[in-house]
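S.K.: As they're listed, the protein sequences go chains S and Z.
Residues 1 to 299 (my numbering) make up the first sequence, in order.
Residues 300 to 478 (my numbering) make up the second sequence, in order.
Cβ atoms here follow ideal geometry from the backbone N, Cα and C, with glycine treated the same way.
Since this is a predicted model, take the numbers as computed values, not measurements.
First the structure, which I've put down as structure tokens, then a few questions once you've had a look.
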Amino acid sequence: MAWGAIISWYLFLAGVSAGAYLTATYVGKKFPFAQTIRKTGYFLAPPLLAVGTLLLVFDAEAGLKHPLRFIYLLKNFPTSMMTDGTYIISIFLILNTYQGVMEYLGKSVNRWITRLGVIFAIGTAAYTGLLIGVVKSIPLWNTSILPVLFIVSALSTGIAATVLVSTFFNRQACYNLLTVKKIHVSLIGIELLLIFIMLYITGSANEVAYQSVMSLLVGEYSSLFWIGLIVVGLVIPFLIEGIEIYQHGLATKPKYHEISATSSNPSFVPTLITESTVLIGGFILRYLVLAAAMTITLF
Amino acid sequence: MARYGMLIDTKKCVECFGCRVACQMQNGLPPEEAFIHFYEKETGTFPNVNIQILPVQCQHCENPPCMKNCPTGATYKNKDGIVLVDENKCIGCKYCVVSCPYQARVPNHKTGVVEKCRFCVEEVEKGKAPICVATCVGNARIFGDLDDPNSEISREIIKRKAIPLRADLGTKPKIYYVR
């Protein structure tokens, strides 16, 4: 395929950046006391997106040699999804950098700017799926469910990156955010469901789509798919986080258990495993979607 | 203003790769890069089997997905409907490579620019045929104006019942195949 690991990293990083921004905004609104998570999310979003975008620049070799040509990227609006995405990502990068800087300075941000940031974060997450979703010649990509899957994965990996980094700075920061964990575990469940739906329906579209799906399920990429994506990336974090939530529910039965002050022994290791496996899975998902792509047959 | 197209009679093609080599010479391509590639497919059942040979290059679609998706506008159609790449605008994002159903796009490893068959536009403007047509030993290729009902290509398309590849995709390709 013309697009390989570099583009996978970009799709992944843009998704994590958007997810981190959304996590920070959500947590900041719902749980004003959870400062570490909010700050981490806002601090993570700009550099992750910047690195992702930089990777794109390196992959676009002709542009790398003649950087002024990147101006033309804004030209084919709205026909080319890549042009549309350039606008979306540029605006999101400006907004989340502003938000990050203000967070660093300890200043408040106009809520309309944050709301605009949320819109462009969702736009960024969706765009990575739309970019390849509109490619008619590749049946594995040409499905409406792909952008949805990428949005869910972006949210999930965004939460994972934010929680993981927060945990390093402040062990107490995340254990008590049961709501975030509940959202996270639901997202992982939804992602599993979406992958199943996508492969099942896409696989029935035509012969090439079937072969793409089969290369994931039983062929060339099957070990990466089953072990890397399904088991490591989705089932393991789903179980660990699910058990954590379940035990938490047994241990503390207050009516309002969003915050449990009684959380006895903060579980560092499960959090570490859950969040890193989600991130690994998020990357593998992007990689597999690009790698298993096959172009339609001509006869 | 013309609407240039090509007819490829796969029954006459002997798969000598002459067109590909001539094309590489014309476009100064290294040996590992080519604008024409060949597909083979077995047809029929034993003992009546046959190998169908399909030379494929840019189909100069009237509705090219590569042009639609090209973010920089580097891909364009000239007045004669020939799809071209402005190498001074191409950033090498390879969106056209994944968009082309005919896999006709070739990234140049030196410049990063994505290239493809140009219907030898400089020859055509001189009134000549593209080099793959001129060089074909079996006369398997015909080039001409599809808008001119009296051109050889227009007549032969009807006579030999030539059809484009994957017309169902809606790209309206301008290379017609006899198969």
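Using a Cβ distance threshold of 8 angstroms, determine whether the stretch 88–103 of chain S contacts the stretch 43–63 of chain S, with at least three qualifying pairs required.
M.R.: The stretch 88–103 of chain S vs the stretch 43–63 of chain S: in contact.
S.K.: For a contact meaning CB atoms closer than 7 angstroms, what does residue 544 (chain Z) contact in chain S?
M.R.: This structure leaves residue 544 (chain Z) out entirely; chain Z is present only between 300 and 478.
S.K.: Going along chain S, which residues have a C-beta under 8 angstroms from residue 372 (chain Z)?
M.R.: If you number the second sequence from 1, residue 372 (chain Z) lands on position 73. Per Cβ cutoff of 8 angstroms: 72, 75 and 76.
S.K.: Note down the Cα distance separating residue 16 (chain S) from residue 271 (chain S), rounded to an integer number of angstroms.
M.R.: Numbered from its first residue, the first sequence carries residue 16 (chain S) at position 16. Numbered from its first residue, the first sequence carries residue 271 (chain S) at position 271. If I take the Cα positions, the gap works out to 17 angstroms.
S.K.: With distances taken from CA atoms, which of S:197, S:97, S:118 and S:58 is nearest residue 140 (chain S)?
M.R.: Taking the first residue of the first sequence as position 1, residue 140 (chain S) is located at position 140. It is S:197 whose Cα lies nearest to the Cα of residue 140 (chain S).
S.K.: Closer than 8 angstroms by beta-carbon distance: list the chain S residues that pair up with residue 340 (chain Z), in chain order.
M.R.: The sequence position of residue 340 (chain Z) within the second sequence is 41, counting from 1. By Cβ distance, chain S contributes 299.
S.K.: Expressed to the nearest angstrom, what Euclidean distance is found between the alpha-carbon atoms of residue 259 (chain S) and residue 192 (chain S)?
M.R.: Along the first sequence, one-based indexing puts residue 259 (chain S) at 259. Along the first sequence, one-based indexing puts residue 192 (chain S) at 192. Annotation note: pLDDT 49 at residue 259 (chain S) (below 50); position unreliable, coordinate value reported separately. Taking the straight line from one Cα to the other gives about 28 angstroms.
S.K.: Is the CB-CB distance between residue 26 (chain S) and residue 99 (chain S) below 7 angstroms?
M.R.: Locating residue 26 (chain S) in the first sequence gives position 26, counting from the first residue. Locating residue 99 (chain S) in the first sequence gives position 99, counting from the first residue. No, Cβ-Cβ distance for residue 26 (chain S) and residue 99 (chain S) is not below 7 angstroms.
S.K.: Measuring CB to CB, does residue 146 (chain S) end up less than 7 angstroms from residue 133 (chain S)?
M.R.: Taking the first residue of the first sequence as 1, we reach residue 146 (chain S) at position 146. Taking the first residue of the first sequence as 1, we reach residue 133 (chain S) at position 133. Taking 7 angstroms as the Cβ cut-off, residue 146 (chain S) and residue 133 (chain S) qualify as a contacting pair.
S.K.: Is there a Cβ from chain S that is less than 7 angstroms from the Cβ of residue 317 (chain Z)?
M.R.: Against the second sequence, residue 317 (chain Z) aligns to sequence position 18. No, residue 317 (chain Z) does not count as interfacial toward chain S.
S.K.: Give a yes or no on whether the C-beta atoms belonging to residue 206 (chain S) and residue 36 (chain S) are separated by under 7 angstroms.
M.R.: Locating residue 206 (chain S) in the first sequence gives position 206, counting from the first residue. Locating residue 36 (chain S) in the first sequence gives position 36, counting from the first residue. No, they are not a contact pair.
S.K.: Got a sec, what are the start and stop residues for the beta strand (DSSP E) residue 349 (chain Z) sits in?
M.R.: For the purposes of this step, residue 349 (chain Z) is identified with residue 50 of the second sequence, where counting begins at 1. Segment 349–355, the beta strand (DSSP E) holding residue 349 (chain Z).
S.K.: I want to verify the contact list: residues of chain Z whose CB lies under 9 angstroms from the CB of residue 342 (chain S), in sequence order.
M.R.: Lying before the first or after the last residue shown, residue 342 (chain S) is absent from chain S, which here runs from 1 to 299.
S.K.: Report all residues from its chain with a CB closer than 7 angstroms to the CB of residue 182 (chain S); omit the five preceding and five following residues, and keep chain order.
M.R.: On the first sequence, position 182 is the one that residue 182 (chain S) refers to. So the qualifying residues of the chain are 245.
S.K.: In whole angstroms, what separates the C-alpha of residue 136 (chain S) from that of residue 143 (chain S)?
M.R.: Locating residue 136 (chain S) in the first sequence gives position 136, counting from the first residue. Locating residue 143 (chain S) in the first sequence gives position 143, counting from the first residue. Cα to Cα, residue 136 (chain S) sits roughly 9 angstroms from residue 143 (chain S).
S.K.: Helix, strand or coil for residue 376 (chain Z) per DSSP?
M.R.: On the second sequence, residue 376 (chain Z) is found 77 positions in, with the first residue counted as 1. Residue 376 (chain Z): strand per DSSP, three-state reduction.
S.K.: Within the continuous beta strand (DSSP E) that includes residue 304 (chain Z), where are the two ends?
M.R.: Here residue 304 (chain Z) refers to the residue found at position 5 when the second sequence is read from its first residue. 303–308 is the extent of the beta strand (DSSP E) around residue 304 (chain Z).
S.K.: Is residue 390 (chain Z) helix, strand or coil by DSSP?
M.R.: Against the second sequence, residue 390 (chain Z) aligns to sequence position 91. The answer is coil: DSSP assigns residue 390 (chain Z) none of H, G, I, E or B.
S.K.: Provide the residue span of the alpha helix (DSSP H) that contains residue 458 (chain Z), from first to last.
M.R.: Taking the first residue of the second sequence as 1, we reach residue 458 (chain Z) at position 159. Where residue 458 (chain Z) is concerned, the enclosing alpha helix (DSSP H) stretches over 451–458.
S.K.: Alpha carbon to alpha carbon, what distance is there between residue 309 (chain Z) and residue 331 (chain Z)?
M.R.: On the second sequence, residue 331 (chain Z) is found 32 positions in, with the first residue counted as 1. On the second sequence, residue 309 (chain Z) is found 10 positions in, with the first residue counted as 1. Cα to Cα, the separation comes out at about 24 angstroms.
S.K.: Grouping DSSP H, G and I as helix and E and B as strand, with all else coil, what is residue 404 (chain Z)?
M.R.: As a position in the second sequence, residue 404 (chain Z) is number 105, starting the count at 1. Looking at residue 404 (chain Z) - three-state DSSP - the assignment turns out to be coil, as it is neither helix nor strand.
S.K.: Which residues of chain S have a Cβ atom closer than 7 angstroms to the Cβ of residue 402 (chain Z), listed in chain order?
M.R.: Translated into the one-based positions of the second sequence, residue 402 (chain Z) becomes position 103. Here the neighbours are 295.
S.K.: Does the beta carbon of residue 459 (chain Z) sit closer than 7 angstroms to a beta carbon anywhere in chain S?
M.R.: Within the second sequence, residue 459 (chain Z) is the residue found at index 160, counting from 1. Closer than 7 angstroms: no.
S.K.: Contact criterion: CB-CB distance below 7 angstroms. Does residue 173 (chain S) meet it with respect to chain Z?
M.R.: If you number the first sequence from 1, residue 173 (chain S) lands on position 173. Chain Z, which has no Cβ nearer than 7 angstroms to the Cβ of residue 173 (chain S), makes this no.
S.K.: With the cut-off set at 7 angstroms, would you say residue 351 (chain Z) and residue 367 (chain Z) are in Cβ contact?
M.R.: Within the second sequence, numbered from 1, the residue matching residue 351 (chain Z) stands at position 52. Within the second sequence, numbered from 1, the residue matching residue 367 (chain Z) stands at position 68. It is not a contact, given that the beta carbons lie outside the stated cut-off.
S.K.: Got a sec: is the Cβ-Cβ distance from residue 302 (chain Z) to anything in chain S below 7 angstroms?
M.R.: Counted from its first residue, the second sequence places residue 302 (chain Z) at position 3. No, residue 302 (chain Z) lies away from the interface with chain S (no Cβ there is under 7 angstroms from its Cβ).
S.K.: Using a 10 Å radius around the Cβ and a threshold of 16 neighbouring Cβ atoms, would you call residue 272 (chain Z) buried or exposed?
M.R.: Lying before the first or after the last residue shown, residue 272 (chain Z) is absent from chain Z, which here runs from 300 to 478.
S.K.: Beta carbons nearer than 7 angstroms to chain S: which residues of the stretch 409–420 of chain Z have them?
M.R.: Residues 410, 411 and 412.
S.K.: So residue 66 (chain S) and residue 178 (chain S) are in contact, right, with Cβ under 8 angstroms, and what is the actual spacing, rounded?
M.R.: In the first sequence, residue 66 (chain S) corresponds to position 66, counting from 1. In the first sequence, residue 178 (chain S) corresponds to position 178, counting from 1. Not confirmed; about 52 angstroms, so no contact.
S.K.: Express the C-alpha separation of residue 278 (chain S) and residue 233 (chain S) in angstroms, rounding to a whole number.
M.R.: Position 233 of the first sequence holds residue 233 (chain S). Position 278 of the first sequence holds residue 278 (chain S). Near 5 angstroms, if we compare the C-alpha coordinates of residue 278 (chain S) and residue 233 (chain S).
S.K.: Got a sec, what are the start and stop residues for the alpha helix (DSSP H) residue 53 (chain S) sits in?
M.R.: Working through the first sequence from its first residue, we reach residue 53 (chain S) at position 53. Residue 53 (chain S) -> alpha helix (DSSP H) spans 35–59.
S.K.: Please go through the stretch 98–137 of chain S and give each complete alpha helix (DSSP H) segment of 4 or more residues, from N-terminal end onward.
M.R.: You should have 111–133.
S.K.: Among residues of its own chain, excluding the 5 on either side of residue 209 (chain S), which ones have a beta-carbon nearer than 7 angstroms to its beta-carbon?
M.R.: For this step, residue 209 (chain S) is matched to residue 209 along the first sequence. Contacts found: 139, 140, 202 and 203.
S.K.: Tell me, please, whether the stretch 470–477 of chain Z touches the stretch 304–323 of chain Z by the rule of three or more beta-carbon pairs shorter than 8 angstroms.
M.R.: Segments in contact, yes.
S.K.: Around the Cβ of residue 120 (chain S), are there at least 16 other Cβ atoms within 10 angstroms (buried) or fewer (exposed)?
M.R.: Taking the first sequence and counting its residues from 1, one reaches residue 120 (chain S) at position 120. Its Cβ being crowded by 16 or more others within 10 Å, residue 120 (chain S) is buried.
S.K.: To the nearest angstrom, report how far apart residue 415 (chain Z) and residue 404 (chain Z) are at their CA atoms.
M.R.: Looking up residue 415 (chain Z) in the second sequence gives position 116. Looking up residue 404 (chain Z) in the second sequence gives position 105. Rounded to whole angstroms, residue 415 (chain Z) to residue 404 (chain Z) spans 5 angstroms at the Cα level.
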